Structures are given as structure tokens and as C-alpha cells.
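So the structure is just underneath, and the comments pick up after that.
Protein chains: 2
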Amino acid sequence: MENGVHLNTVLLNGVHYTCGMPRPESTAAYARNSRDDVIEAALGILDQQGLPDLTMRHLAATLGIQPSGLYWHFPNKQALLAAVSDRIIAGARSVDTTGRSWQQRVQAEATALRDALLAFKDGAEVVSSTLALGLGAEGLHRRLTGAIDAGGFDEETSELAAATMVHFIVGHAFHEQQRIQADSLGAVAHAHTLDREDPAEATDRPGAFDFGITLLIAGLERQGTHVPADPASAGSQ
Amino acid sequence: MENGVHLNTVLLNGVHYTCGMPRPESTAAYARNSRDDVIEAALGILDQQGLPDLTMRHLAATLGIQPSGLYWHFPNKQALLAAVSDRIIAGARSVDTTGRSWQQRVQAEATALRDALLAFKDGAEVVSSTLALGLGAEGLHRRLTGAIDAGGFDEETSELAAATMVHFIVGHAFHEQQRIQADSLGAVAHAHTLDREDPAEATDRPGAFDFGITLLIAGLERQGTHVPADPASAGSQ
DNA sequence: ACCTGAACACCGTTCAAGT
DNA sequence: ACCTGAACACCGTTCAAGT
Chain A
312 MENGVHLNTV LLNGVHYTCG MPRPESTAAY ARNSRDDVIE AALGILDQQG LPDLTMRHLA
372 ATLGIQPSGL YWHFPNKQAL LAAVSDRIIA GARSVDTTGR SWQQRVQAEA TALRDALLAF
432 KDGAEVVSST LALGLGAEGL HRRLTGAIDA GGFDEETSEL AAATMVHFIV GHAFHEQQRI
492 QADSLGAVAH AHTLDREDPA EATDRPGAFD FGITLLIAGL ERQGTHVPAD PASAGSQ
Chain B
312 MENGVHLNTV LLNGVHYTCG MPRPESTAAY ARNSRDDVIE AALGILDQQG LPDLTMRHLA
372 ATLGIQPSGL YWHFPNKQAL LAAVSDRIIA GARSVDTTGR SWQQRVQAEA TALRDALLAF
432 KDGAEVVSST LALGLGAEGL HRRLTGAIDA GGFDEETSEL AAATMVHFIV GHAFHEQQRI
492 QADSLGAVAH AHTLDREDPA EATDRPGAFD FGITLLIAGL ERQGTHVPAD PASAGSQ
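These protein sequence lines map, in sequence, to chains A and B. Position one of the first sequence corresponds to residue 312 (the numbering used here), numbered consecutively onward. Position one of the second sequence corresponds to residue 312 (the numbering used here), numbered consecutively onward.
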């Protein structure tokens, strides 16, 4: 793959790499990517090839640098994925609040966040791993708590309900994205092998997402503002 | 690692490997594991080392065979993990149904399933990936739909509600397990760096799980038996 | 400030062959 | 029935050094 032409090293040897100068006509021996360039390239690979192909080596090749060069921008791959996650979440469209009930607002926020996860291939999986690890992607929580707060619940209720919704939103999107991929891969292969009774198949009917969110909102409406901590729960022990 | 002593190949050369015979005193040149042995060993590694150490090579070494030997038992690693997932779910304790409301039953089933996920290190992550992929772990769905059905809901409602709960249960357990691990690793390191305001930290207070399940049950109680398909939902388009 | 070059210590999977 | 041996095509990460 190396092109045999001689590099312009003679020119480069005389450069004073005055550090402050931003992108000096890009006459450099290597790519000189910014941290943002790296994230953008990662999002590109993610969307067009998927998470399995988002390797440090592949990403580096896309940027025209060596794999080790990435470690100047990020301490490790997890940190890179956290930055990618934040970008995916930040891409969620903003919701028009004016004149809407808190229920409508929660529905709209949840849908916007789900759409953001679905906008990138394997987006839900990336965000899932990132927020399980406790890195980034707090935008999910923030927007949902904000919407629920409008219902006048106490802070604890809002946060717990938001956390419940986050798990559902991400889990549902993850599941749906995998199903899309499985369908596109095995569409022809399994086309006439359809003796369908798989319970996982029942989940993907349209409206499953809206149903879940509606269920949680209905739960909040019924609970009111009190936190259920009574021993009547048939719970853990 | 190879011990220099001579193998008992002389004895082995005379063997008629009559295929039906089960475990013939185990006088064999190699380990002769059953498929079940492999799953058991995988569960052992998972529980004591965690998912990152559950590699085909490590697993093979534990069983005393070559990595390639595993591919006689399973077509690939995903299939192995699916079998491991099924085992984890099957380990959920059974719930005493007698004289309990459907709400209590749902709570108990959900708790039993969560406990099963938490019983093995990284159990939630393994099950999460498996059921996202659409392989196995349907035990989760089955038990929850069974419990919800007792509330007299129509089949569609039961299944959608169960799917919602599955996402919450797995997501919550995943999150909690990662937090446990992060705490155990960085307990000393971050002990006096605690200027806490992380919203993810607010999630892990005890009762967050019960809250989520209670919220979903309350939602079901309010929804009754009708499926919300009216255009009043502030949903996706 | 941003990257190279080279190495280290790994992966999952295939396949012919052995017993 | 259950596994070996050897190979293929990869991984993430470190670190001294270069410009």
C-alpha cells in the first residue's frame, strides 16, 4: 500500500513547530488530526460499518495515522467510546415544550432520545456499555428528569423514574437494532423457514416502545408524589 | 508446561473407540469433556474472573484442551454465551404462587430474575448481549408474562409489559454490576476524591429496583386491559 | 502538539488430521 | 465422539523517539 514516491522531507526539516499555530496549511509529515476529527471519524465508521469494525487500528487507518497515534487523543478505547456516546446523545432533537403536559413532554423526550440511539448503527449498544461503565451519556438522564420534574414529583421520584426509563429506552433500542441487523443478514436465508413462534418476535411490533413509555407514565400518574417504601412490597427477602 | 514423561500411548493404540460407550474410565489421550462440562467451566471462569477473562483460549486451558477443541461443542463463542445465559436464567429461584396477588407475583418473579443475573459476575452483561442477539434467555420473558397474565390482561398487553420489564431488569442489573466492580477497583483510589454530584450515583440507592418494578405494576393497574393505540400519544411522528 | 515504529501480549476461528 | 497442531487474520496498548 505504501506509495513509492519520495516524501517532501526536505521542506519539513526546516519547520519550527511553533505550537500555538492552528493548522498551518497542513504541510506536515503526518495527519495532524484534532480530537474532534477522531470522534467524527469514529462516528463515521460506526454508522457505516458498525461497532465490530470500530477498532483502534481501523480508525487509525481511516485517519491516516498509526494506531498508537490515537493514544495521544484518548487514554484508551473506552474513553473514545464514551466521547462517541456523548455525541450520539447530543444529537437528539430538542423538544418543543410550550403548552404541553408533562406526560406529553416525557413521551416526546423519550422518543427523541430513542431516535438518537437508532440514528447510528449500533448506537444503542455503544451508549449501553458506556453508561453501564458510568462514563458519560448523562444527557439521557438529564433530559428525562427535566421532563418528569414538570409533573411536580419530588426529586427522588423523578430521578428513579428517569433511571427506569433510561434502562427501558436503551434496552429497547439495543434489541431493535440487533433485530434490524439480523433481519438484513438472514432475510433471504430464513425467508421460507418461517415457522414463527419465537417470543422475541412478538416484541418488535410497532408501538412496543410507546407502550413501555406510556406504561411508565401511567405508573407515575398513579403513584402521585409519594415514594413507595412500605413493607407491603413483595420484594427482595 | 508439557510434562516430559512418556504418555501411555501404547495402551491407547489398542482402543476401539466404540462410540456409544460413556466415559470409559477416562483412559484417553485428551480430556473428553461433555458439552455440559464446557458450560460449567465457562460459568466458573465468568463468576471468578469475569467476562473479559472468559476467552476461548482461557476456557480451553481450564478444560485441558486446545482452543480449537471447543468448536466441536459450539459453532462459535456467541453460541457458548447463549448456553451460559440460559443457565444463568435457569438458576432463578422459583416463586411460591399460592395466595398471592398478581402484583406480588410479578414483583417476586422480577426479583428472582434480577437475583439470578446478579448471582454471577457480569451475568447481566452476558444475558443482555445474548437476548439482544435474539439467542436464548427467553426464560426471562416466559416467567414475567406468566405472572402478568394472572392479572387478566390480554395477551398483547402481557407480552409488551413483560418486554418492558425485561429491559428494565437487565439494564438495572447490568448497571449495578458494573458499579460494584468499579467500586471494588477504585475504592481506595477515589476514597477521598469524593466531591460527589454524579447523577449516575443517585441511581444506585437501595430500592431503585423495587421502585422501577412498582412503577410498571402501577402502570398496568391504571391501564387496565386496554391497549393504548390512540393517536393522542405524543409519539414518533 | 501530534504522531511514528516497533514491539508485547493477546484474540476468535478454520481445517486437516489424529484416536 | 472428541480432540490436536498449526496456521490465519486479527486485536488493544505501551513507549521511546521523531518533528
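Just so it is clear, CB atoms sit at the ideal spot from N, CA and C, and this is done for glycine as well. For clarity, every value in this text was computed on a predicted model and none was experimentally measured.
1) Would you please state the rounded distance, in angstroms, between the beta carbons of residue 392 of chain A and residue 440 of chain A? I believe it to be under 8 angstroms.
2) Relative to the C-alpha of residue 419 of chain A, which residue among A/350, A/354, A/480 and A/346 is closest?
3) By alpha-carbon positions, which one of A/353, A/383 and A/384 ends up nearest to residue 369 of chain A?
4) Using a Cβ cut-off of 7 angstroms, pull out every chain B residue sitting near residue 365 of chain A, in sequence order please.
5) Helix, strand or coil, according to DSSP, for residue 432 of chain B in the structure here?
6) Based on Cα-Cα distance, which residue from B/376, B/360, B/446 and B/470 lies nearest to residue 551 of chain B?
7) Looking at residue 437 of chain A: is its Cβ nearer than 8 angstroms to the Cβ of residue 395 of chain A?
8) For residue 348 of chain B and residue 357 of chain B, I'd like the C-alpha separation in whole angstroms.
9) Please confirm whether residue 428 of chain B has its beta-carbon closer than 8 angstroms to some beta-carbon of chain A.
10) Is it buried or exposed for residue 340 of chain A, if we count other Cβ within 10 angstroms and need 16 for buried?
11) Just the Cα atoms here: how many angstroms apart are residue 398 of chain A and residue 523 of chain B?
12) Assuming the contact rule is C-beta atoms closer than 8 angstroms, residue 404 of chain A and residue 435 of chain A should be a hit. Round their C-beta distance to whole Å, please.
13) Taking only runs that begin and end inside the segment 368-448 of chain A, name each unbroken alpha helix (DSSP H) of 4 or more residues, in chain order.
14) Can you tell which of B/421, B/526, B/490 and B/534 has its C-alpha closest to the C-alpha of residue 531 of chain A?
15) Interface residues of chain B around residue 533 of chain A at Cβ under 8 angstroms?
16) What residues from chain B crowd round residue 481 of chain A, counting only those whose CB sits closer than 9 angstroms?
17) Is residue 488 of chain A buried or exposed, if buried means 16 or more other CB atoms sit within 10 Å of its CB?
18) Anything in chain A within Cβ reach of residue 493 of chain B, meaning under 8 angstroms, just list it in chain order.
19) With a threshold of 8 angstroms between beta carbons, is residue 335 of chain B in contact with chain A?
20) Thinking C-beta only, is residue 443 of chain B closer than 8 angstroms to residue 384 of chain A?
21) Distance check for residue 426 of chain A and residue 373 of chain B, CA to CA, integer angstroms please.
22) Which one of A/462, A/467 and A/482 has the shortest CA to CA distance from residue 311 of chain A?
23) In terms of residues, what are the limits of the alpha helix (DSSP H) holding residue 360 of chain A?
24) Interface residues of chain A around residue 485 of chain B at Cβ under 8 angstroms?
25) Any C-beta of chain B within less than 8 angstroms: which residues of the segment 342-362 of chain A qualify?
26) With a threshold of 7 angstroms on Cβ separation, who are the neighbours of residue 342 of chain A within its own chain once the five nearest residues in sequence on each side are excluded?
27) Taking its Cβ as the centre, do 16 or more other Cβ atoms sit within 10 Å of residue 412 of chain A, making it buried, or is it exposed?
28) In the DSSP assignment, the alpha helix (DSSP H) including residue 521 of chain B goes from what residue to what residue?
29) Is there a C-beta anywhere in chain A that falls below 8 angstroms from the one on residue 490 of chain B?
30) Thinking C-alpha only, which one of B/484, B/453 and B/482 is nearest residue 471 of chain B?
31) My output table needs one value for residue 456 of chain B: the three-state DSSP class, helix, strand or coil.
32) Among the residues of its own chain, which have a CB less than 7 angstroms from the CB of residue 371 of chain B, if the five just before and after it don't count?
33) Measure the Cβ-Cβ separation of residue 519 of chain B and residue 474 of chain A and say whether it is below 8 angstroms.
34) Closest to residue 494 of chain B by CA distance: which of A/355, A/445 and A/363 is it?
35) Considering only residues of the same chain and omitting the five flanking positions on each side of residue 402 of chain A, which have a CB-CB separation below 7 angstroms?
Let's see:
1) The pair is a contact, with the Cβ atoms about 7 angstroms apart (cut-off 8 angstroms).
2) For residue 419 of chain A, the nearest C-alpha among the options comes from A/480.
3) A/353
4) Going along chain B, no residue has its Cβ under 7 angstroms from residue 365 of chain A, so there is no contact; the nearest lies around 16 angstroms.
5) Coil.
6) Absent from the structure is residue 551 of chain B, since the part of chain B shown begins at 312 and ends at 548.
7) The answer is yes: Cβ separation under 8 angstroms.
8) Cα to Cα, the separation comes out at about 14 angstroms.
9) no
10) The residue in question, residue 340 of chain A, is exposed, as its Cβ has fewer than 16 Cβ neighbours within 10 Å.
11) It is roughly 28 angstroms from the alpha-carbon of residue 398 of chain A to the alpha-carbon of residue 523 of chain B.
12) Their Cβ separation, rounded to whole angstroms, is 17 angstroms, which puts residue 404 of chain A and residue 435 of chain A out of contact at 8 angstroms.
13) 388-401, 413-430 and 434-443
14) B/526
15) 529, 530, 532 and 533
16) 478 and 482
17) Counting the other Cβ atoms within 10 Å of the Cβ of residue 488 of chain A gives 16 or more, which makes it buried.
18) 444 and 445
19) Unreliable positioning characterises residue 335 of chain B in this predicted model, as indicated by a pLDDT of 49, which lies under 50. A coordinate reading is not provided.
20) no
21) 44 angstroms
22) As shown, chain A starts at 312 and ends at 548. That puts residue 311 of chain A outside it, with no answer to give.
23) 346-360
24) 439 and 443
25) none
26) 374, 375 and 376
27) exposed
28) Counting along the chain, the alpha helix (DSSP H) containing residue 521 of chain B begins and ends at 519-534.
29) yes
30) B/453
31) If DSSP states are grouped into helix, strand and coil, residue 456 of chain B belongs with the helices.
32) Around residue 371 of chain B, the same chain offers 377, 378, 380 and 381 as residues with beta carbons nearer than 7 angstroms, after the five sequence neighbours per side are excluded.
33) yes
34) Of the candidates A/355, A/445 and A/363, the one whose C-alpha sits nearest the C-alpha of residue 494 of chain B is A/445.
35) Sequence-distant Cβ neighbours of residue 402 of chain A in its own chain, meaning closer than 7 angstroms and more than five residues away, are 427 and 430.
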